[in-house]
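Have a look at the structure below, then the notes.
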Amino acid sequence: MTVLIAAILATFSIDLQEPRSLTPDSTIAQDGVAKKVAKLVSEVSADNLEHSINTLVSFETRHVLSTSDDDARGRGAAQDFMENRMRSFIASSGGRLTVERQVTPVDARRLGAEIEVVNIVATLRGTTDPDRIYVVGGHYDSRNSRGSDGEGLAPGANDDGSGTAAVIEACRVMSQAEFPATIMFVCYDGEEQGLLGSRAHAQKLAESDSVVDGMITNDIVGNTLGMDAVTRDGYLRCFSYAPRGNDSMGRSLARAATRAAGRIAELDVMLVYRGDRYGRGGDHRPFFDAGYPSLRFTEPREDFSRQHQNITERNGKPYGDLPEFMDFTYLAKVTQLNISLLAELASAPPPPSVVRVSGARDAHDVRVTWQPVDGVSSYEVVWRLTTSSDWESALMLSEGEYEAGENRRSGAVELRAVLAGVCVDDVVVGVRCVAGDGSRSRVQAAPDGDSFDQGRQARGGGRRRGR
Ligand SMILES: [Zn+2]
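Residue numbers for the sequence shown follow my numbering, so the first one is 288 and each next one is one higher.
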């Protein structure tokens, strides 16, 4: 029996001494999805981004307590602008884009008031797998030095007009193309008052057992001049939560972002292995809490004189969050990165739901087992040293290069491959699905030997374990 199993495994064992291992970078250039992404990102307009931000700023404040009844001032005017702008994309979307106001009564504890939180949600329905959702958001509400001030100027150009403008521009560009999965473009309300809009949205999705395979928040993504007077415009920071270790679903999404950055000229992603900056929060948090993979994009070095400040000057130094301090060329690159990431994930199949690894008893080989995904014939096994932040090696397996068998306990079909010469104790291994156009899913990583808590919410299991 042992001999037989060894013989079977030998058939599907890949000798890693041969140059069959493909690094993510070497596979990224030629495939079909690369062409699709290249065309989409070429359509991003820095002028559109600047126009959106100037318009949002012209309403003087977008605080949750600001007026809803004025055409030219306050949150109501901003909501009309965002909704009308995204509605203008419907006609050329082939009927797949819908836009709605999602209104939720919320007890805003920070303000001691019951308010209506209004998210503007544009949904681009997927063609073949519409029940799988990706969410990209920015928050349109703003604030000044006093968090409860609904009257005074709160331009919020960068925090978070930048993320809001990126979401609207991504919606414009992407709604002209087709994707198998659904993408939601959301302008969130009430972030500054305790993540009110994103929490309402995440809860709504979780209550309806929606499958959200990734949520991205863009918050403070349009300034490149640090407080040290140094301009940094070559990278973007990417924060992701993990309850323990480095392999949460959010971290998996973050590593998909580094891959997506490989398709964008002059922009890298810096992975930060913490959920957010010290003492700060963002709209990705409620999605993490709901068990969904989520991440936060933020510029390299924030200038705190531009955040939550009244417009003033002290000792010759200007304060306030105004468009004149922004870098729209950089914001265009950030928008391109969002499109690259969303286009790939929404084009690809979902990730495998379960991946397991074990060491061989008679050799330093890794046995990898995963659940097949409907309609998928190619998978990519990826791995890295436990101390490395991102995937270092990739091995493409097409039909015939992996084995199908029955799980001894459950009887379910599972797929198997062996990484010959790799020591299971030294690496983290994951599997992603590959579509015909070369698009890759998020990686599902095998759990560590001492923890077995892969999350299920993203797959519609309704549980809130491991994220
Ligand atoms: Zn913000």
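Beta carbons are placed, not taken as given, at the ideal position from N, Cα and C, and that holds for glycine.
Ala468, DSSP secondary structure in three states:
strand
Met536 and Cys458 - do their beta-carbons sit closer together than 7 Å?
no
Tell me which residue opens and which closes the beta strand (DSSP E) that Phe689 is part of.
For clarity, residue 689 is Tyr in the given sequence; the question names Phe instead. That residue, Tyr689, is in no beta strand (DSSP E); it is neither H nor E in DSSP.
Looking only at C-alpha atoms, which of Gly607, Cys710 and Ala400 sits nearest to Asp228?
This structure cannot speak to residue 228, because the chain is shown only from 288 to 754.
Nearest to Pro734 by alpha carbon, out of Ala722, Ser726, Ser353 and Thr656?
Thr656
Report buried or exposed for Asp500, applying the criterion of at least 16 other Cβ atoms within 10 angstroms of its Cβ.
buried
First and last residue of the uninterrupted beta strand (DSSP E) at Ser339
Run containing Ser339: none in the beta strand (DSSP E); it sits in the alpha helix (DSSP H), Ala333 to Ser345.
If you follow the alpha helix (DSSP H) that Pro605 is in, where does it begin and where does it stop?
Counting along the chain, Pro605 falls outside any alpha helix (DSSP H), though it belongs to the beta strand (DSSP E) covering Lys604 to Tyr606.
Own chain residues within Cβ distance below 6 Å of Thr504, not counting five before or after
Gly424, Gly569, Asp570, His571 and Arg583
So what's Tyr522 in DSSP terms, helix, strand or just coil?
strand
Can you tell me the Cα-Cα spacing of Ala635 and Val721, whole angstroms?
7 Å
Assuming Arg362 and Val351 are in contact, meaning their beta carbons sit under 8 Å apart, how far apart are those beta carbons, in whole angstroms?
7 Å
Answer with buried or exposed for Pro392, where buried requires no fewer than 16 other C-beta atoms within 10 angstroms of its C-beta.
exposed
Mind listing, in chain order, the residues whose beta carbon lies closer than 6 Å to a non-hydrogen atom of ligand 1?
His426, Asp446, Asp447, Glu478, Asp506 and Ile507
Flag this pair as touching only if the region 604-618 and the region 532-548 have three or more C-beta atom pairs under 8 Å; answer yes or no.
no
In whole angstroms, give me the CA-to-CA distance for Asp737 and Val642.
15 Å
List the endpoints of the continuous beta strand (DSSP E) containing Gln389.
Leu384 to Ala395
Start and end residues, beta strand (DSSP E) containing Met613:
Run containing Met613: none; DSSP gives neither H nor E here.
Buried or exposed for Ser680, please, with buried defined as at least 16 other CB atoms from any protein chain shown within 10 angstroms of its CB.
buried
Spell out a yes or no on whether the region 583-593 and the region 384-398 are touching, meaning 3 or more CB-CB pairs, one atom from each, closer than 8 Å.
no
Of all the options Gly513, Arg538, Cys525 and Ser355, which has the alpha carbon lying nearest to the alpha carbon of Val404?
Ser355
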